[in-house]
Ligand SMILES: [Zn+2]
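Numbering (this note's numbering), first residue to last: 599 to 867.
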């Protein structure tokens with residue numbers, strides 16, 4: 599899934615990097631914003647493009663912030679995190695081992711949307727203060743901050759959908775795991791729910807592409823749904839019941855499906 603990765607910087611011992619496809623995201627988001635008629639309509643082209651680029655960079659930074667929330671919480675509960683990578687469909691924090699306890703897994707998972715929520719609150723305060731700045735700089739900053747605020751709310755809400763491998767699906771798995779004490783079973787059920795929701799997302803995308811004006815948004819829903827579907831199916835396969843005991847061990851690391859986040863919903867806007 600991930601192609602060429604460039605290391606960008608290190609936070610709390612975790613390498614933060616970007617796959618080449620995140621460059622495409624940066625350009626697509628910047629272009630979409632700059633060409634949006636409601637995005638700084640009074641500003642010059644140069645100001646609009648600089649603000650759009652700031653918005654796109656802010657989006658990638660927001661995804662890194664979300665993943666860092668997962669990574670730092672994972673470290674706090676004793677799970678090593680090797681790296682965080684930005685890619686076409688958002689970001690991924692790669693944990694070095696399978697979760698060892700349902701509540702610890704839940705804490706690691708909820709830390710992502712919580713961090714995004716805190717960031718949204720910060721952006722709200724910043725946008726309010728920027729609105730009071732005089733002149734065009736204030737208007738540009740306010741518009742970018744407002745965009746990032748809405749994006750972060752969307753990132754938090756979308757990731758809380760109970761569609762494994764999204765955060766909501768991981769929380770569902772932690773709950774099922776806690777109830778029945780069977781990690782593999784809980785993962786299979788969460789992956790099945792994730793498969794259903796991914797198919798619904800694809801259907802929604804096809805429907806909106808056919809009947810609505812949001813053609814690009816529809817196409818994006820289909821691509822995102824396909825990505826989630828693949829991850830959910832891979833997970834279901836990797837955790838399929840074996841003739842041996844259906845214990846709490848995870849699959850062999852080579853079989854482990856990618857952990858992914860859906861922090862990317864915004865890109866179709
Ligand atoms: Zn997340």
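By construction, the Cβ of each residue, glycine as well, lies at the ideal position given by its N, Cα and C atoms.
Quiz item: Quick one: does residue 643 have its CB under 8 Å from some CB of chain B?
Solution: The question asks about chain B, but that chain is absent: this structure has only one protein chain.
Self-check item: Delimiting residues of the alpha helix (DSSP H) encompassing residue 670
Solution: 643-674
Practice problem: Please state if the CB of residue 612 and the CB of residue 682 are separated by a distance shorter than 8 Å. | Solution: Less than 8 Å divides the Cβ of residue 682 from the Cβ of residue 612.
Quiz item: So, using beta-carbon positions, are residue 761 and residue 709 closer together than 8 Å?
Solution: no
Quiz item: What do you get for residue 713, buried or exposed, if any count of 16 or more other CB atoms within 10 angstroms of its CB means buried?
Solution: buried
Self-check item: Counted within 10 angstroms of its Cβ, other Cβ atoms place residue 620 as buried (16 or more) or exposed
Solution: buried
Practice problem: Let me know the secondary structure DSSP gives residue 602 once reduced to three states. | Solution: DSSP places residue 602 in the coil class of the three-state scheme, outside both helix and strand.
Quiz prompt | Spatial distance of residue 832 from residue 687 (CA atoms) | solution = Rounded to whole angstroms, residue 832 to residue 687 spans 17 Å at the Cα level.
Quiz item: Is it right to say residue 660 is buried, meaning 16 or more other beta carbons lie within 10 angstroms of its own, or is it exposed?
Solution: buried
Self-check item: Span separating the alpha-carbon of residue 606 from that of residue 678
Solution: 19 Å
Self-check item: Distance between residue 642 and residue 614 (C-alpha atoms, nearest Å)
Solution: 34 Å
Quiz item: Expressed to the nearest angstrom, what Euclidean distance is found between the alpha-carbon atoms of residue 580 and residue 617?
Solution: Here the chain comprises residues numbered 599 to 867, so residue 580 is not present and cannot be evaluated.
Self-check item: Segment limits, beta strand (DSSP E) that includes residue 683
Solution: Run containing residue 683: 679-685, per the beta strand (DSSP E) assignment.
Quiz item: Any chance the CB of residue 765 is under 7 Å from a heavy atom of ligand 1?
Solution: Yes.
Quiz item: What's the gap between the Cα of residue 726 and the Cα of residue 740?
Solution: 8 Å
Quiz item: Just how far apart, CA to CA, sit residue 654 and residue 628?
Solution: Approximately 5 Å, taken between the alpha carbons.
Quiz item: Exposed or buried, which one is residue 758 when buried takes at least 16 other CB atoms within 10 Å?
Solution: Label assigned to residue 758: buried.
Quiz item: Should residue 746 be labelled buried (16 or more other beta-carbon atoms within 10 Å of its own) or exposed?
Solution: buried
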